[in-house]
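Undergrad:
Numbering (the numbering used here), first residue to last: 940 to 1216.
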């Protein structure tokens, strides 16, 4: 294979070595350098497939500094492959900065299709798959988590999260507080020996003693489901809030939040109601 100064983004198996593609092996054998999130971890994979290409570490602690060096090598004509410990680089793993800078420098970027954990989890979840929203790991700070979840609660797509074992139950609890008690699926150890799916609701899964908190987890949550709420029901809710002492705009805002209806639609009903009084 003749290569021409390209950055190859190469997915690696997330648990089962048989998920490695022939093309991925060929690319990793052909390039000048393989960038690995952890060279020790990746050595097992590379040795298994007889890949003797030089490796260099590329992880979240050195990616900004190392990106400059890598771009220079790519511009000089080297072909380089980027892998992570498992899965597709750039998906909750280092890669975005290098890929963006390579594109900015008009360097060819080729991403191979391959292993990533959330796609098989989504397809096997039994939740809606025609559209979805991938979030990855929630922010560490509570305020940022709440702000993000508030922005997601009206999404109608299935929402996909990555969760560490020690955060799983706490994440589900917080999501339930914002979203309400929706259908949910917890996926454990995708493609590995102990792959398991736990299906239920956020409430039932949070309290479940069946979920073994060992391994890597993906949490899928049902999107917002529209409920038929008539204009008459909205009017009754508005009247109730007005009688409770809220002013017009405050009542509109509260009813919109409680019913998950768009604020402008509730406001139109409020104006019409005022005109009829």
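A virtual CB, placed ideally from N, CA and C, is assigned to each residue, including glycine.
Beta-carbon within less than 7 angstroms of residue 1078's beta-carbon, same chain only, minus the 5 sequence neighbours each way: which residues are those?
TA: 1084, 1087
Undergrad: Could you give the uninterrupted runs of the alpha helix (DSSP H) lying entirely in the region 1116-1200, keeping only those of 4 residues or more?
TA: 1141-1145, 1170-1182, 1187-1198
Undergrad: Any chance the region 963-981 sits against the region 1147-1160, with 3 or more Cβ pairs inside 8 angstroms?
TA: no
Undergrad: Under DSSP, the beta strand (DSSP E) around residue 1047 begins and ends at which residues?
TA: 1047-1050
Undergrad: My parser needs the beta strand (DSSP E) runs of 3 or more residues fully inside the region 957-1014; what are they?
TA: 972-975, 994-996
Undergrad: I'd like the span of the beta strand (DSSP E) that includes residue 1020, first residue to last.
TA: In the DSSP annotation of this structure, the continuous segment of the beta strand (DSSP E) that includes residue 1020 starts and ends at 1019-1022.
Undergrad: Along the chain, where does the beta strand (DSSP E) that runs through residue 1101 open and close?
TA: 1097-1102
Undergrad: Buried or exposed for residue 1152, please, with buried defined as at least 16 other CB atoms from any protein chain shown within 10 angstroms of its CB.
TA: exposed
Undergrad: Does the pairing of the region 954-969 with the region 1039-1057 give three or more beta-carbon distances under 8 angstroms?
TA: In this structure the region 954-969 touches the region 1039-1057; the number of beta carbon pairs closer than 8 angstroms is three or more.
Undergrad: Would you grab the beta carbon distance between residue 1047 and residue 969 for me? Rounded to a whole angstrom, and I think it's under 8 angstroms.
TA: Incorrect: roughly 14 angstroms between the Cβ atoms, too far for contact.
Undergrad: Could you compute how far the alpha carbon of residue 1192 sits from the alpha carbon of residue 1123?
TA: 29 angstroms
Undergrad: Taking the beta strand (DSSP E) that residue 946 belongs to, which residues open and close that run?
TA: 945-948
Undergrad: Just how far apart, CA to CA, sit residue 967 and residue 1115?
TA: 43 angstroms
Undergrad: In its own chain, which residues sit with a C-beta less than 8 angstroms from the C-beta of residue 971, not counting the 5 before and 5 after it?
TA: 992, 993, 1012, 1017, 1018, 1019
Undergrad: Can you grab the Cα-Cα spacing for the pair residue 954 / residue 1129, in whole Å?
TA: 7 angstroms
Undergrad: What are the start and end residues of the alpha helix (DSSP H) that includes residue 1074?
TA: Unbroken run through residue 1074 is the beta strand (DSSP E), 1071-1076; no alpha helix (DSSP H).
Undergrad: With distances taken between CB atoms, is the gap from residue 1097 to residue 1136 smaller than 8 angstroms?
TA: no
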